[in-house]
Each structure stands twice: as structure tokens, then as C-alpha cells.
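K.L.:
Here you go, one structure.
There are 2 protein chains.
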Amino acid sequence: MSTLENKKADAPYHHGDLQRALVDAAAQLVADCGPAAVSLREVARIVGVSHNAPYRHFPTREALLAAVAAHGFEMLFEGMSKLTNESDPAKSLAACGRGYIDFALEHRGIYQLMFSDEIQKGSHPALHAVAERAFESLERKIAALSPQVPTVLATLTVWALMHGIAHLILDNQLKRHVDDPSYRRLIDTANRILVAGLINASAEPIDSSEVICI
Amino acid sequence: MSTLENKKADAPYHHGDLQRALVDAAAQLVADCGPAAVSLREVARIVGVSHNAPYRHFPTREALLAAVAAHGFEMLFEGMSKLTNESDPAKSLAACGRGYIDFALEHRGIYQLMFSDEIQKGSHPALHAVAERAFESLERKIAALSPQVPTVLATLTVWALMHGIAHLILDNQLKRHVDDPSYRRLIDTANRILVAGLINASAEPIDSSEVICI
DNA sequence: CAGTGAAGTTGACAGTAACAACATAAGAAA
DNA sequence: TTTCTTATGTTGTTACTGTCAACTTCACTG
């Protein structure tokens, strides 16, 4: 009954909030079956609308997927913000790392979409902005932990490590090495190595030839 | 002239080594236009064969892509092996890291394919085997550097960091933070943090509640 | 109350993966 | 030699996709 079936029964010509409904349906589809399973026609079918209706709101398939990804970035950012309040930067960083991986595990499909090459993040300024805020919040923690290392590079290193773990998990690359389905011990080890590295890393390369080579 | 044009002119019913030719053409297509651009029909067109001929050699599109990916894994493994001969494990590790990123940058499309979710690595034992060899070679270096940390977890951390950097680069996530197109300074910083972390990380979590939480 | 423009619909086209039925050629069996 | 078998390619078809174009509906504005 209720909204959905009424819509089918009444079949009003105008949907009311089709744009929102399309993004919701696509997000659900991404969550259930992965980004590859999303077709505009299937989404339209789910919402109960003609196969071309989505084009009134999204110029292309990629645009719809980008909207779903933007939603994902906001969720991720909100989750990370809540974990940022600890006073100890090392603990705060570790909590962020766990939160990042947890998000990737819980929202597998959307996470894959967010970092998929199907989406050109450059052309979607909303994504850009959210990512930038998250990055800056991370930068402050890193700077506190590791003032001797250039903050941007250290932050990118931390981000890359989290990102790499998430990717390896989602690609099922770890199942043959790690039993724990929550990957707690791996994440904890990675965090320990990371924090120890940030604190103890030298400010500049030991051997400058290493940087210049090639 | 020669082989290719002769084949078009003579148009022999049987290609001779179609399987090989299909993989080569697909690899070229992946390298030039990315994994998404690969369609069986396009590959067949390039090789000069009917749209259904590939199905005699590959049951599905994914199977052809998996063959291309396997080729990529072998290339990557060969490259890493050459960088493994240094005596100093820290330098050897750093060289491996650079080699890994260089491969991803040089063979962008194939690297994306290798770690794409379009391919189920589990169902292709050849991939499995190559990846396993590479992992074990890495493990030996890590164990030398960081005997106090469980080797598998430390190795996974290292791999994840390399993987994460490669992904961020290929997704163009770094362009707004890093100018250097070779990313030498970033990679060097990541390596310094990593080595310092591996050497200085404590053996077990400082606070066991961190591991159990959630 | 006409009429304008946004939102949704129907129809079409080109491209795709995959299946089925058929054609060809190369080698084994007679 | 001649026939049979089988792997390899081909043609044809189905069902699906994204996207364009032209049509319809309807809410709101002057």
C-alpha cells in the first residue's frame, strides 16, 4: 500500500520528486548489486517511470552515478567527523582509520563507486568540496603527530594506506591471508606502523639520489 | 604488408593463433583506451575475425579480460623481481615501492584491469599463483626489517600503502596536492614513514581495548 | 483562460554480450 | 584414396543498454 503502490495505481503523470527517487533507487541498486549493475533503464523501472524520464534530471548515466557517489562522500565525511573529537591525535587517527575501513566494508558498492574511474570527479565540484574538507581535517591530526614531515605528503601517505587496505579488502585480496572478517588486527597493525613511522620518520631523504633517480 | 595485410588479403578461414592475437589486441586496447573500452566485438574487428569467433577461445568477456590481467601480473612480477636483489632490505623495499608505482603509471589501463572488480581473481588460479609468489618475496624483506611485527600483517600494510598510492594516482586524486608528475617526493616520503614505522612499531597494541572495540 | 515550458512518454538507432545453427578445413580412420 | 570427426570461424538472432528526437501532459503565469 502507501506511497509506492499508490503511485502505481494513481499513476500521476508527474512524479513529484523524481530526481531524489532516482538517486535513492540507484543508491540501493549500487548497494545491492554493485555499480556495474546500475542501468538507467533499470533505475527508471524501479521508480516506475519511463526509460527516458531520468534524462530530464541527469544528462547521462555518469551524472546519476556521480550524484550517488556525492551522497556517499557526505556519509563518509559525516562518519569521520564524529570520530575526530578525541584529544590524543594518535588515537584520533586510529579511530579515523577504523571508521574509513568500516565505511568501505558496510557500504561496499557505494565505496567502489566513489573511487571508480567511471566517475570523473573533476567535473563534479560537489565531490571536490567534500573531499577537500575531509582531507583538511585529516591534515591537522597529521601535522600534530609529525611536524617534521611535510604535512601534505604525510597526509597523502595516511590516506593512501587506508585507501589501499579498503581496496584490497573489497577486491577479496586479503581473504587468503587474514581470517578475521572485521580485519581489526590488520587495521590495528597498520595504524601502529603508521603512527610509529609518522613520529620517527626523518625530515628529509637520507640519500638524495633516491629522490632524483630516473 | 607482411602478416597482417596478407591475412586480410588471403583471408584464410583459420587464423592460426587467434587466442594469442585476441589477448594481444585486447591488451593493446586496454592500454590505449582503458578496460571499459574493451568489447569482444571491437577486439574481433581489430584482429579481423567475425564477432563471435572469440567465443571459441573465451567463454565470456570476463575470461578474455582475465587473460590480459594475468599477462599484466606476470609483467609486474618480473619487474619487481629485478628490484629485489639489493642487500639492504630498506633500500630494496624502497626500490620495490617505486617499481610498483612506476608500473601502475606506465601501464595504467592494465593495472586498473588487474585490480578491477570486473575480474574475479579467485576463479583464475594463474593469477592467484603469480600474486602469491610476489607476496612471499615481499614478506622476506619485511621480516628482516621488522621482526617484532607479525610478518603477514606488516607485509599487507606495505602492499596496501603501495596499492593505495597507485590507486589515488590513477584516479587523479593527487593532482591538486602534488605537482611532480613522477610523484617521486611523495613515494619517497611514504617509504620513509613506512620504514621508520616498521622498525619502530611496537610488537603488540599499546591498548588492547583498541583492538576489541565495536 | 490561453499558452508556455518543464516533466514524462513513446519510438527509434546503434552498440553490446551471448546463444544457436551452420560452414570450413585439417587430421584420423577406413 | 575417401570418409568421418572435430576444432575453429561465420552468420543470424535475441535481449539488453545509452542516447537522441518528437510527442503528450499538466501546472503555473500573464
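Chains as they are written, first to last, in my numbering: chain A, 1 to 214; chain B, 215 to 428.
Heads up, the beta-carbon is just placed ideally off N, CA and C, and yes, glycines get one too.
Treat the numbers as computed from the prediction; the structure is a model and nothing was measured.
To the nearest angstrom, report how far apart A143 of chain A and V195 of chain A are at their CA atoms.
P.N.:
Start at 1 with the first residue of the first sequence, and residue 143 of chain A comes out as number 143. Start at 1 with the first residue of the first sequence, and residue 195 of chain A comes out as number 195. Cα to Cα, A143 of chain A sits roughly 12 Å from V195 of chain A.
K.L.:
CB-CB under 7 Å to A267 of chain B, same chain, minus the five flanking residues each way: which ones, in chain order?
P.N.:
Numbered from its first residue, the second sequence carries residue 267 of chain B at position 53. For A267 of chain B, same chain residues with a beta-carbon under 7 Å away, outside a window of 5 residues either side, are L232 and A258 in chain order.
K.L.:
So which residues of chain A does P364 of chain B contact, with C-beta pairs closer than 9 Å?
P.N.:
Translated into the one-based positions of the second sequence, residue 364 of chain B becomes position 150. Neighbours of P364 of chain B on chain A, chain order: R185 and T189.
K.L.:
Kindly say whether T371 of chain B, judged by its beta-carbon, lies nearer than 9 Å to any beta-carbon of chain A.
P.N.:
Stepping through the second sequence from its first residue, residue 371 of chain B is reached at position 157. Closer than 9 Å to some Cβ of chain A, the Cβ of T371 of chain B qualifies, so yes.
K.L.:
Helix or strand or just coil, what does DSSP make of K222 of chain B?
P.N.:
Locating residue 222 of chain B in the second sequence gives position 8, counting from the first residue. Below a pLDDT of 50, predicted positions are generally treated as unreliable, and K222 of chain B, at 41, falls in that range; no measurement from the model is reported.
K.L.:
Contact between the stretch 262-276 of chain B and the stretch 297-309 of chain B: three or more CB pairs below 8 Å?
P.N.:
no
K.L.:
Restricting to runs no shorter than 4 residues, where is the alpha helix (DSSP H) found entirely within the stretch 146-173 of chain A?
P.N.:
Secondary structure in the stretch 146-173 of chain A: the alpha helix (DSSP H) runs of 4 residues or longer, each lying completely within the stretch, are 151-170 in chain order.
K.L.:
When you compare the CB positions of L22 of chain A and L64 of chain A, do they come within less than 9 Å of one another, or not?
P.N.:
Here residue 22 of chain A refers to the residue found at position 22 of the first sequence. Here residue 64 of chain A refers to the residue found at position 64 of the first sequence. Yes; because the gap between Cβ atoms is below 9 Å, this pair is in contact.
K.L.:
Which first and last residues belong to the alpha helix (DSSP H) in which K335 of chain B is found?
P.N.:
Here residue 335 of chain B refers to the residue found at position 121 of the second sequence. Run containing K335 of chain B: none; DSSP gives neither H nor E here.
K.L.:
For F115 of chain A, which residues in chain B fall below 9 Å Cβ to Cβ?
P.N.:
Stepping through the first sequence from its first residue, residue 115 of chain A is reached at position 115. Going along chain B in sequence order, the residues near F115 of chain A (Cβ under 9 Å) are H381, L382, D385 and Q387.
K.L.:
Give me the residue from A:L168, A:V130, A:S123 and A:L186 with the minimum Cα distance to A368 of chain B.
P.N.:
Position 154 of the second sequence, counted from the first residue, corresponds to residue 368 of chain B. Checked all of A:L168, A:V130, A:S123 and A:L186; the closest Cα to A368 of chain B is A:L186.
K.L.:
To the nearest angstrom, report how far apart A374 of chain B and L382 of chain B are at their CA atoms.
P.N.:
Here residue 374 of chain B corresponds to residue number 160 of the second sequence, with the count starting at 1. Here residue 382 of chain B corresponds to residue number 168 of the second sequence, with the count starting at 1. Their Cα atoms are separated by approximately 12 Å.
K.L.:
Got a sec: is the Cβ-Cβ distance from A31 of chain A to anything in chain B below 9 Å?
P.N.:
Within the first sequence, residue 31 of chain A is the residue found at index 31, counting from 1. It does not: the Cβ of A31 of chain A has no partner Cβ on chain B nearer than 9 Å.
K.L.:
DSSP three-state call for F77 of chain A: helix, strand or coil?
P.N.:
Working through the first sequence from its first residue, we reach residue 77 of chain A at position 77. Helix, per DSSP.
K.L.:
Flag L64 of chain A as yes if its beta-carbon sits less than 9 Å from any beta-carbon of chain B, otherwise no.
P.N.:
As a first step, residue 64 of chain A is located in the first sequence; it is residue number 64 there, counting from the start. Judged by the 9 Å Cβ criterion, L64 of chain A is not in contact with chain B.
K.L.:
Leaving out the 5 sequence neighbours to the left and right, which residues in its chain are closer than 6 Å to E5 of chain A when beta-carbon positions are compared?
P.N.:
What you label residue 5 of chain A is simply residue 5 of the first sequence in a count that begins at 1. Because E5 of chain A carries a pLDDT of 38, less than 50, the predicted location of this residue cannot be relied on, and the following value inherits that uncertainty. None.
K.L.:
Can you confirm whether F103 of chain A, when its beta carbon is compared against all beta carbons of chain B, has any partner nearer than 9 Å?
P.N.:
Taking the first sequence and counting its residues from 1, one reaches residue 103 of chain A at position 103. It does not: the Cβ of F103 of chain A has no partner Cβ on chain B nearer than 9 Å.
K.L.:
Given a cut-off of 9 Å, decide if T298 of chain B and K355 of chain B are closer than it, judged by their beta-carbon atoms.
P.N.:
The residue given as residue 355 of chain B occupies position 141 in the second sequence. The residue given as residue 298 of chain B occupies position 84 in the second sequence. Yes; because the gap between Cβ atoms is below 9 Å, this pair is in contact.
K.L.:
Check whether the stretch 67-86 of chain A touches the stretch 23-38 of chain A, counting contact only when three or more Cβ pairs, one atom from each stretch, lie closer than 8 Å.
P.N.:
yes
K.L.:
Please report whether the beta-carbon of H107 of chain A lies at a distance below 9 Å from any beta-carbon of chain B.
P.N.:
Taking the first residue of the first sequence as 1, we reach residue 107 of chain A at position 107. Taking Cβ atoms only, chain B never reaches closer than 9 Å to H107 of chain A, which makes this a no.
K.L.:
Buried or exposed: N172 of chain A, going by 16 or more other Cβ atoms within 10 Å of its Cβ?
P.N.:
For the purposes of this step, residue 172 of chain A is identified with residue 172 of the first sequence, where counting begins at 1. Burial check for N172 of chain A: the Cβ neighbour count within 10 Å stays below 16, so the residue is exposed.
K.L.:
Mapping the DSSP letters down to three states, classify H15 of chain A as helix, strand or coil.
P.N.:
Along the first sequence, read from residue 1 onward, the residue named residue 15 of chain A stands at position 15. Looking at H15 of chain A - three-state DSSP - the assignment turns out to be coil, as it is neither helix nor strand.
K.L.:
What residue from B:R322, B:G230, B:H271 and B:V392 has the CA that sits closest to A245 of chain B's CA?
P.N.:
Looking up residue 245 of chain B in the second sequence gives position 31. Selected option, being the one with the closest Cα: B:R322.
K.L.:
With a threshold of 9 Å between beta carbons, is A368 of chain B in contact with chain A?
P.N.:
Here the question's residue 368 of chain B lines up with position 154 in the second sequence. Interface residue, yes.
K.L.:
Would you tell me roughly how many angstroms separate the C-alpha atoms of I413 of chain B and T403 of chain B, rounded to the nearest one?
P.N.:
The residue you call residue 413 of chain B lines up with position 199 of the second sequence. The residue you call residue 403 of chain B lines up with position 189 of the second sequence. Distance between the alpha carbons of I413 of chain B and T403 of chain B: 16 Å.
K.L.:
R312 of chain B by DSSP, collapsed to three states: which one?
P.N.:
Here residue 312 of chain B refers to the residue found at position 98 when the second sequence is read from its first residue. Three-state result, R312 of chain B: helix.
K.L.:
Per DSSP, what kind of secondary structure is H271 of chain B in: helix, strand or coil?
P.N.:
Numbered from 1 along the second sequence, position 57 holds the residue referred to as residue 271 of chain B. Note: H271 of chain B maps to coil in three-state DSSP.
K.L.:
List, in chain order, every chain B residue whose beta-carbon is nearer than 7 Å to that of H163 of chain A.
P.N.:
Sequence index remark: in the first sequence, residue 163 of chain A carries index 163 (1-based). Per Cβ cutoff of 7 Å: G378, H381 and L382.
K.L.:
If you draw a straight line from the C-alpha of H271 of chain B to the C-alpha of A348 of chain B, how long is it?
P.N.:
Sequence index remark: in the second sequence, residue 271 of chain B carries index 57 (1-based). Sequence index remark: in the second sequence, residue 348 of chain B carries index 134 (1-based). H271 of chain B and A348 of chain B: Cα-Cα distance of roughly 28 Å.
K.L.:
Within 9 Å (strictly less), CB to CB, does S416 of chain B reach chain A?
P.N.:
Reading the second sequence from its first residue, position 202 is the one you call residue 416 of chain B. Answer yes: the Cβ-Cβ gap between S416 of chain B and chain A drops below 9 Å somewhere.
K.L.:
Any idea what DSSP makes of V252 of chain B, helix, strand or coil?
P.N.:
Within the second sequence, residue 252 of chain B is the residue found at index 38, counting from 1. Looking at V252 of chain B - three-state DSSP - the assignment turns out to be coil, as it is neither helix nor strand.
K.L.:
Roughly how far, in whole angstroms, is the beta-carbon of N191 of chain A from the beta-carbon of G79 of chain A, given that I think they are within contact range, below 8 Å?
P.N.:
Mapped onto the first sequence, residue 191 of chain A falls at position 191. Mapped onto the first sequence, residue 79 of chain A falls at position 79. A Cβ-Cβ separation of about 17 Å leaves N191 of chain A out of contact with G79 of chain A under the 8 Å criterion.
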